[in-house]
Every structure is written in structure tokens, then in C-alpha cells.
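Peer 1: Take this structure first; my questions come after.
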Amino acid sequence: MTKRKALIFVGTALGLALAVSGYEWLTNWRFHEDTDDAYLRSDITSISPKVGGHVADLAVTDNQHVRKGQLLLRIDDRDYRARVAEMQALVAAREAALANLEARIALQQSNVSAAEARVGSASAEVVRSRADLARSRALVRDQFVSRQMLDTHQADSLKATSAMRAAEATAQASRREFAVLDSEHAMDLAQLDQARAQLEAARLDLAHTVVTAPVDGVVGNRGVEVGEYVRPGTPLLSVVPLTHVWVEANFKETQIAHMRPGQPVGVSIDAFPGQEIAGRVDSLSPASGADFSLLPPDNATGNFTKVVQRIPVKILLDPGRALAGKLRPGMSAVVTVDTHGRAVASAGDAPKLADGAP
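Read in full-length UniProt numbering, the sequence shown has 90 at position 90, and its numbers run on one by one without any break.
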């Protein structure tokens with residue numbers, strides 16, 4: 001009997017264990033999707049200079065914490081200071097030339113006004129002389145004045161007409177000269193604007209000789225030393241913001257059917273076993289990792305072997321998490337997504353891509 005009771009007890013225990021396991025699988029485990037193809041990521045900022053030159057000062061070392069705006073390095077700025085001085089002199093010369101031209105324009109405006117006044121005076125003289133000539137002709141017919149007086153008035157009329165034409169020609173020439181000066185003024189203004197733009201560009205280049213940290217973080221991947229010549233756009237070092245680290249988990253395409261943003265995630269970092277970090281699904285990649293590779297697979301020709309693709313899923317870690325400041329981009333992780341509630345998920349709860357579209 002004792003042996004039989006033992007067998008019954010063992011069988012009952014196994015049955016209970018199987019029942020509990022089955023219940024747990026039905027209510028919990030079957031809604032969990034996990035992968036160990038996951039790594040920590042961060043917005044690593046590559047620091048490159050905007051101007052070239054020799055590095056005069058390197059203010060940071062490897063793995064040093066820096067604040068936003070803190071000096072990282074300084075490029076020799078003597079050439080750039082000379083360029084700024086040259087552009088300042090050019091701007092001053094353009095301003096002086098413009099001031100001189102504006103003075104000439106003002107003088108020419110006075111000349112135009114004087115010439116137009118002379119035209120008016122000459123025109124009045126023409127009117128007077130023609131009136132005198134008309135009276136003289138009438139008086140000559142009645143023999144009240146001599147023929148000599150008529151000749152004098154005719155000469156005066158011709159002289160007044162010639163003087164008016166000369167005054168009009170002078171006024172026209174003055175107006176043309178004014179128009180030429182006005183066009184030169186527009187050109188000088190454009191040249192002054194160009195010189196000022198060149199000065200501003202020179203000042204920007206001078207300012208860019210000082211390279212500062214764009215964000216808070218830790219310096220890494222430093223590949224520059226004092227005295228080296230650097231070119232614009234050459235990566236010199238990186239700044240890693242350790243306060244904003246997330247997980248990129250590559251799930252099989254067969255695992256993401258019921259994933260959606262906001263679902264809870266458990267994250268275990270290989271470097272810190274036994275310490276699980278809570279997080280949540282942020283978004284799903286718009287394409288598989290293979291499509292973003294340097295050489296995407298081409299299955300249009302040759303033999304085809306179907307391979308399950310992996311979809312990157314971005315997972316944000318909860319703020320105030322454990323291990324804050326200890327996590328490093330590139331660390332391996334194991335993540336488990338709780339997709340519980342998928343049976344009642346509506347169309348609006350479908351998985352969303354990185355752009356938020358269903």
C-alpha cells in the first residue's frame with residue numbers, strides 16, 4: 001500500500017504540475033515573445049570639424065564626461081583671424097566707396113536741378129524774345145520802328161532759342177550722368193552686401209575653430225592628437241549620451257504579429273545577470289534588417305531558400321531604472337515582450353511602424 005500511495009502521490013503531483021504549467025502557458029507564457037538578438041543603442045554623436053587646420057588644443061581625454069557646450073578641441077585660428085581682418089578692411093573700403101559715390105550723387109542731383117532751372121530761364125527768354133519779334137514785325141508794317149530794330153529782335157529770338165536748346169542738352173546730360181551714378185550706387189550696394197556676407201562667413205569659420213560638445217555625454221572613439229591636421233567633415237571623436245539608452249531587439253517576423261507600442265517589456269542585460277529592467281515597446285522598424293543591409297538579398301534569380309527575416313523593434317527603458325549610468329551602447333540583452341490581451345485587440349491597436357502608421 002505504501003508503494004501504491006507513493007505512486008498516487010507522485011502522479012497527483014505531476015498532474016498538478018502539468019495543470020499549473022498548462023494554465024500558466026494558456027494565461028501568460030503564450031503571450032510572451034522573447035529574443036536574445038538584442039543590443040543597447042544610443043544617439044552617438046560623431047564630432048567633425050567644419051573647418052580645416054592643425055589641432056592647437058585638445059581639451060578632453062578618452063571616456064571623459066562632458067557637458068553640452070564644453071570645449072572639446074581648438075583648431076589653430078591664426079589664418080582665420082587674418083581672413084576676418086582682411087574682410088573687415090574690404091567692408092570698410094566698400095563703405096567708404098559707397099559714401100563717396102553718394103556724395104557724388106548728391107552733387108549731381110544739385111547739378112540736375114541747376115540745369116533744369118537754366119532750361120526754365122532760357123524757355124522764358126525764348127517766349128519774351130518771340131513776343132518782341134512779333135511786336136516789331138507789326139510796328140515795321142505800320143512804319144513805327146525801323147527795319148534795324150526788327151533785325152535786332154530776330155537775332156535776339158534766334159539767340160534765345162539756341163540758348164534754350166543748349167540748356168536742355170546740358171540738363172539731359174546731367175540727368176544721364178545721374179542715372180549712371182544711380183546704377184553705380186546699386187552696384188556698390190551689392191558689392192558692400194557681398195563683402196559683409198564674406199565677413200560673416202569668415203567670422204563663422206573663425207568661430208568653428210572652437211569645437212564644443214553638442215550634448216551631454218561621454219567621450220569615446222577619440223582619434224585625434226594635438227598637432228594633427230584635420231579636414232572638414234573628418235570624424236575626430238564621439239560623444240555618447242549615456243542618459244538616453246534604448247534597446248534594439250531583432251524579432252523574427254513570426255513573432256511580431258501581436259506586438260504594438262506601449263506593451264511592457266522585460267530586459268535582462270548580459271553584463272548584469274539577475275537584474276531585469278522594465279521597458280515598453282516604442283515602435284517597429286519599417287523594414288527588415290536585411291533590407292537595410294549594405295547588400296540586400298536578391299531572390300529574383302538562382303535557387304531560393306526561405307529564411308525567416310528579423311524586424312528591429314525599438315524598446316524604451318523606463319525612467320528611474322536600475323543600472324542608470326552603467327549601461328553602454330552595444331551591450332547584449334535578452335528581451336521579453338508581454339503581448340497579453342492580443343485576443344481583444346482592435347484594429348486600432350495593430351502594430352505600428354516607426355512612423356506611427358498601422
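From the three backbone atoms N, C-alpha and C, an ideal C-beta is built for every residue, glycine too.
Treat the numbers as computed from the prediction; the structure is a model and nothing was measured.
1. Please list the segments of the alpha helix (DSSP H) lying wholly inside the segment 273-329, counting only runs of 4 or more residues, in order along the chain.
2. Which one or two residues does DSSP pair with D57 in a beta bridge?
3. Can you give me the C-alpha to C-alpha distance between E253 and D62, rounded to a whole angstrom?
4. When the Cα atoms are used, what is the spatial distance from Q194 to R203?
5. Out of S123, P286, P214 and R118, state which residue places its alpha-carbon closest to the alpha-carbon of T170.
6. Can you tell me the Cβ-Cβ gap for T336 and G266, rounded? I've got them flagged as a contact below 8 Å.
7. With distances taken Cα to Cα, identify the nearest neighbour of R165 among V308, G279 and S123.
8. Assuming the contact rule is C-beta atoms closer than 8 Å, A97 and D188 should be a hit. Round their C-beta distance to whole Å, please.
9. Where do the N-terminal and C-terminal ends of the beta strand (DSSP E) with P264 fall, by residue?
10. Taking just the CA atoms, how far does R280 sit from A38?
11. My guess is that S162 and Q108 are in contact by the Cβ rule of under 8 Å, so how many angstroms apart are they, rounded?
12. Closer than 8 Å is the cut-off here; do at least three beta carbon pairs connect the segment 51-66 with the segment 290-298?
13. Whole angstroms are fine: how far does the CA of F178 sit from the CA of E116?
14. Are the CB atoms of V60 and L73 nearer to each other than 9 Å?
15. Measuring CA to CA, which of F251, D282, T243 and S288 is closest to R321?
16. For Y229, count neighbouring Cβ atoms within 10 angstroms of its own Cβ and tell me buried if that reaches 16, exposed if not.
17. Judging by CA-CA distance, which residue of V84, G274 and A290 is the nearest neighbour of A197?
18. Going by beta carbon distance, what residues of the same chain come within less than 6 Å of residue 360, once the five residues before and after it are set aside?
19. In whole angstroms, what is the alpha-carbon distance linking Q88 and L192?
20. In three-state terms, what does DSSP make of G120?
21. Under 9 Å, do L323 and I269 count as touching if we go by C-beta distance?
22. Beta carbon of A257, beta carbon of D36: below 9 Å?
23. Report yes if the C-beta distance between L236 and I47 is below 9 Å; otherwise report no.
24. CB-CB under 8 Å to N250, same chain, minus the five flanking residues each way: which ones, in chain order?
25. For R41, which of helix, strand or coil comes out of DSSP?
26. Leaving out five residues before and five after H208 in sequence, what residues of the same chain have Cβ atoms less than 6 Å from its Cβ?
27. On the DSSP bridge list, what partners appear for G217?
28. Assign A213 to one of two classes, buried (16 or more other C-beta atoms within 10 Å of its C-beta) or exposed (fewer than that).
29. Quick one: grab the DSSP three-state call for Q225.
30. Quick one: what does DSSP say A257 is sitting in, helix, strand or coil?
31. Taking the alpha-carbon positions, what's the V55 to H32 distance?
32. Going by other Cβ atoms of all chains shown within 10 Å of its Cβ, with 16 needed for buried, is V112 buried or exposed?
33. Which residue wins for smallest C-alpha separation from T339, given the options P264, T2 and E276?
34. Once the 5 residues before and after G330 are set aside, which same chain residues still bring their CB inside 7 Å of it?
35. Using only CA atoms, which one of I105, K326 and A106 lies nearest to Q275?
Peer 2: Once the coordinates are examined:
1. none
2. R74
3. In a straight line, the C-alpha of E253 is about 40 Å away from that of D62.
4. 14 Å
5. Here the closest residue by C-alpha is R118.
6. 5 Å
7. S123
8. 6 Å
9. P264 to I269
10. Each residue's alpha carbon lies about 14 Å from the other.
11. Actually they are not in contact, since the Cβ atoms of S162 and Q108 sit about 25 Å apart, beyond 8 Å.
12. no
13. If you take the alpha carbons of E116 and F178, they lie about 13 Å apart.
14. Taking 9 Å as the Cβ cut-off, V60 and L73 qualify as a contacting pair.
15. T243
16. By the 10 Å Cβ count, Y229 comes out exposed.
17. V84
18. This structure does not reach residue 360, given that the chain is present from 1 up to 358, and the question cannot be answered.
19. 11 Å
20. Under the three-state reduction of DSSP, G120 is assigned to helix.
21. yes
22. No, the Cβ-Cβ distance between A257 and D36 is not below 9 Å.
23. yes
24. T35, D37, A38, G289, R310, I311, P312 and V313
25. strand
26. K50 and V51
27. V66
28. buried
29. According to the sequence shown, residue 225 is Glu rather than Gln. The three-state reading of DSSP puts E225 in coil, since its state is none of H, G, I, E or B.
30. coil
31. Straight-line Cα distance between these residues: approximately 53 Å.
32. buried
33. P264
34. Non-local C-beta neighbours of G330 in its own chain, meaning closer than 7 Å and more than five positions away in sequence, comprise Y39 and L40, ordered along the chain.
35. K326
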